[in-house]
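Asker: Have a look at this one before I ask anything.
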Amino acid sequence: MLKVHVARNPMEAHLVLGLLEAEGIRGEVRGEALFTTLQGGAAAEALLPAVWIEREQQGAAALACLARYRDGQGAAAEAEWRCGCGEQHGAQFTHCWRCGGARYA
């Protein structure tokens with residue numbers, strides 16, 4: 004596992020994870036529960052949620068995806084996917100609206 008992003012809040016962490024998953028990079032958000040302990044002021048990085056990827060060899064691809072996110076470019080257009088039921092989905096979706104199937108099953 005490799006930490007690739009420290010988010011300002013859990014919502015941003017899950018957005019970033021979704022962008023990575025749209026590029027075929029599996030990961031997880033860690034530290035969400037600690038975020039609730041913050042009480043104003045500057046947040047210590049240890050209390051902020053972080054995005055970790057499963058395979059360290061995908062680190063360069065993950066960082067490139069995050070650079071596009073920071074530049075406002077979002078997920079790549081070619082990251083669209085088709086579910087096993089045949090429904091076409093945009094890059095931002097991780098589950099099929101029709102059958103509920105996961106993009107990465």
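Terminal number for the sequence shown in this note's numbering: 108, no gaps in between. We put the CB at the ideal spot given by N, CA and C, even for glycine. Since we're looking at a predicted model, the values are computed, not measured.
#1: For Arg11, which of helix, strand or coil comes out of DSSP?
#2: For the alpha helix (DSSP H) containing Ala64, name the first residue and the last one.
#3: On a CA-only basis, which of Leu20, Arg11 and Ala47 is nearest Leu66? Give me that one, please.
#4: If you measure between the beta carbons of Glu59 and Arg29, is that distance less than 9 Å?
#5: Can you tell which of Gln61, Ala10 and Tyr72 has the C-alpha that lies nearest to the C-alpha of Gln95?
#6: Just mark Ala16 as buried or exposed, buried being the case when its beta carbon has 16 or more other beta carbons within 10 Å.
#7: Could you spell out the range, first to last residue, of the alpha helix (DSSP H) harbouring Glu35?
#8: Grouping DSSP H, G and I as helix and E and B as strand, with all else coil, what is Ala94?
#9: Shortest alpha-carbon distance to Gly104 belongs to which of Gly93, Gln91, Cys86 and His92?
Answerer: A quick look at the data gives this:
#1: Coil at Arg11, not helix or strand.
#2: Segment Gly62 to Arg73, the alpha helix (DSSP H) holding Ala64.
#3: When each option's Cα is compared against that of Leu66, the closest is Leu20.
#4: Not in contact: Glu59 and Arg29 (Cβ atoms no closer than 9 Å).
#5: Residue nearest to Gln95 within the set Gln61, Ala10 and Tyr72 is Tyr72 (criterion: CA-CA distance).
#6: Buried.
#7: It spans Glu35 to Phe38 - the alpha helix (DSSP H) in which Glu35 sits, taken as one unbroken run.
#8: It is coil, neither helix nor strand.
#9: Of the candidates Gly93, Gln91, Cys86 and His92, the one whose C-alpha sits nearest the C-alpha of Gly104 is Cys86.
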